[in-house]
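Read the structure below first, then the notes.
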Amino acid sequence: QVQLVESGGGLAQPGGSLRLSCTVSGSIISDTPMRWFRQAPGKERELVAQFNSIGWQRYVDSVKGRFTISRDTTKNTAYLQMNSLKPEDTAVYYCNLNKGGQDYWGQGTQVTVSS
12 QVQLVESGGG LAQPGGSLRL SCTVSGSIIS DTPMRWFRQA PGKERELVAQ FNSIGWQRYV
72 DSVKGRFTIS RDTTKNTAYL QMNSLKPEDT AVYYCNLNKG GQDYWGQGTQ VTVSS
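Here it is as structure tokens:
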């Protein structure tokens, strides 16, 4: 069974940084595309960053140059490094993995950017 567990959210000041982690069990992330989404109150879930099995990365325009998606295959963990945070980055962040045509989601981690 595939399970994703996120951690690393919390409160940050504008301009600050946070690093989110997504530890995966039941699937090997080295050959699996992974994605980070976020959902702010009253808004639809938004794809923020993704990489495919060969490391190609893509970001939504609003986070380009500030967020970096990465992975550590020895820990079977994906990361989302978030720098220069803005209040509009406030949301619940979810990691996602698609395996065999089925989407798997973590439980979400809250990120709040506020002074």
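So our numbering is basically just the index in the sequence shown, starting at one, shifted up by 11.
The beta carbon of each residue, even a glycine, is placed where N, CA and C say it ideally should be.
What's the C-alpha gap between VAL13 and SER38?
6 angstroms
Is it buried or exposed, ARG5, if we count other Cβ atoms within 10 angstroms and call 16 or more buried?
Absent from the structure is residue 5, since the part of the chain shown begins at 12 and ends at 126.
Going by beta carbon distance, what residues of the same chain come within less than 7 angstroms of GLY119, once the five residues before and after it are set aside?
GLU17, VAL103, TYR104 and TYR105
Whose C-beta lies closer than 8 angstroms to the C-beta of ARG82 among residues of the same chain, with five residues either side of it excluded?
ILE40, SER41, MET45, PHE62, THR88, ALA89 and TYR90
Buried or exposed (CB count within 10 angstroms, at least 16 for buried), GLY21
exposed
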